[in-house]
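Asks:
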Amino acid sequence: MAKPKLTYLDVKGFGEGIRLTLYVGKIDFIDHRVSYEGVKELNDQGKLPYGQVPILEVDGEIFSQSVAILRWAGQLRCDSIEEALTDIKKLFPPVWYGSILGRNPITKGPMVPIPEPMRDEVLKGLNETVLPARFAQLERALKKSGGPYFCGEDMMSCDISFYVARLHQTLVHSWKQRSSAER
Ligand SMILES: N[C@@H](CCC(=O)N[C@@H](CS)C(=O)NCC(=O)O)C(=O)O
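All the letters of the sequence shown, read from the start, carry residue numbers 1 to 183 under the UniProt record's numbering.
#1: In whole angstroms, give me the CA-to-CA distance for Gly147 and Lys12.
#2: Would you call Ser179 buried or exposed, if buried means 16 or more other Cβ atoms sit within 10 Å of its Cβ?
#3: In this structure, how does DSSP classify Ser179 when only helix, strand and coil are distinguished?
#4: What do you reckon, is the C-beta of Val130 under 7 Å from a heavy atom of ligand 1?
#5: Is the distance from the Cβ of Thr7 to the Cβ of Pro54 below 8 Å?
#6: Less than 8 Å separating the beta-carbons of His32 and Lys5?
#7: For the structure I just gave you, are there three or more beta carbon pairs, one from the stretch 108-127 and one from the stretch 57-70, closer than 8 Å?
#8: With a threshold of 7 Å, establish whether the CB of Leu9 neighbours any heavy atom of ligand 1.
Listed below in structure tokens is the structure:
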């Protein structure tokens, strides 16, 4: 098998868990990092099946969807934790992009921008209610496993995904400080 090639942004976003899992698993791969402009170019070239990154190329075939790729890199036992984290991750893009529907898949502009006054309400709801409740569910699952990791004694991809989701939680806190150009 040729070296797998992971294409993703140079940020700790949805693709970060895959990168870390591949590094931790000592799997030799090409860590191809692109800009948002690069994402648009790949999309215009028809190389992104769902218009977004990460994508993984294995033996000439392109695969997308971060959790599917993570499963390939990690372990099926982690599925339920990964899916619970997917529910949490769905909450982040409107905050990152300042728009309800993220970036327009064709033009790449923001879709349905969130008006400034509503942003405080969204942040408060996320930080004070939704995220604490969601992470508490995962902490219960961790306790139930006997630890120190979600699947017991060995660190798996879901543990790394959990760490990355916590990083994203801190990004949500700094949302207000970021300019719209960065989103
Ligand atoms: N469900 C997809 C979502 C991928 C996604 O949201 N990718 C973002 C970066 S984290 C992206 O490509 N943003 C740029 C764009 O939409 O143009 C997955 O998990 O892979």
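Note that the Cβ used here is the ideal one computed from N, Cα and C, for glycine as well.
Quantities reported herein were computed from a predicted structural model and do not represent experimental measurements.
Replies: By the coordinates alone:
#1: Rounded to the nearest angstrom, the gap between the Cα atoms of Gly147 and Lys12 is 25 Å.
#2: Residue placement at Ser179 is flagged as unreliable, the pLDDT there being 44, under the threshold of 50; a coordinate-derived value is accordingly withheld.
#3: Because Ser179 sits at a pLDDT of 44, beneath the cut-off of 50, its placement in the model cannot be relied upon, and the point is left open.
#4: Val130 Cβ: outside cutoff for every heavy atom of ligand 1.
#5: Yes, the pair counts as a contact, with Cβ atoms nearer than the cut-off.
#6: By the CB criterion at 8 Å, His32 and Lys5 fall inside the cutoff.
#7: Counting Cβ pairs under 8 Å, fewer than three are found: no touch.
#8: In this structure, the C-beta of Leu9 approaches ligand 1 to less than 7 Å from one of its heavy atoms.
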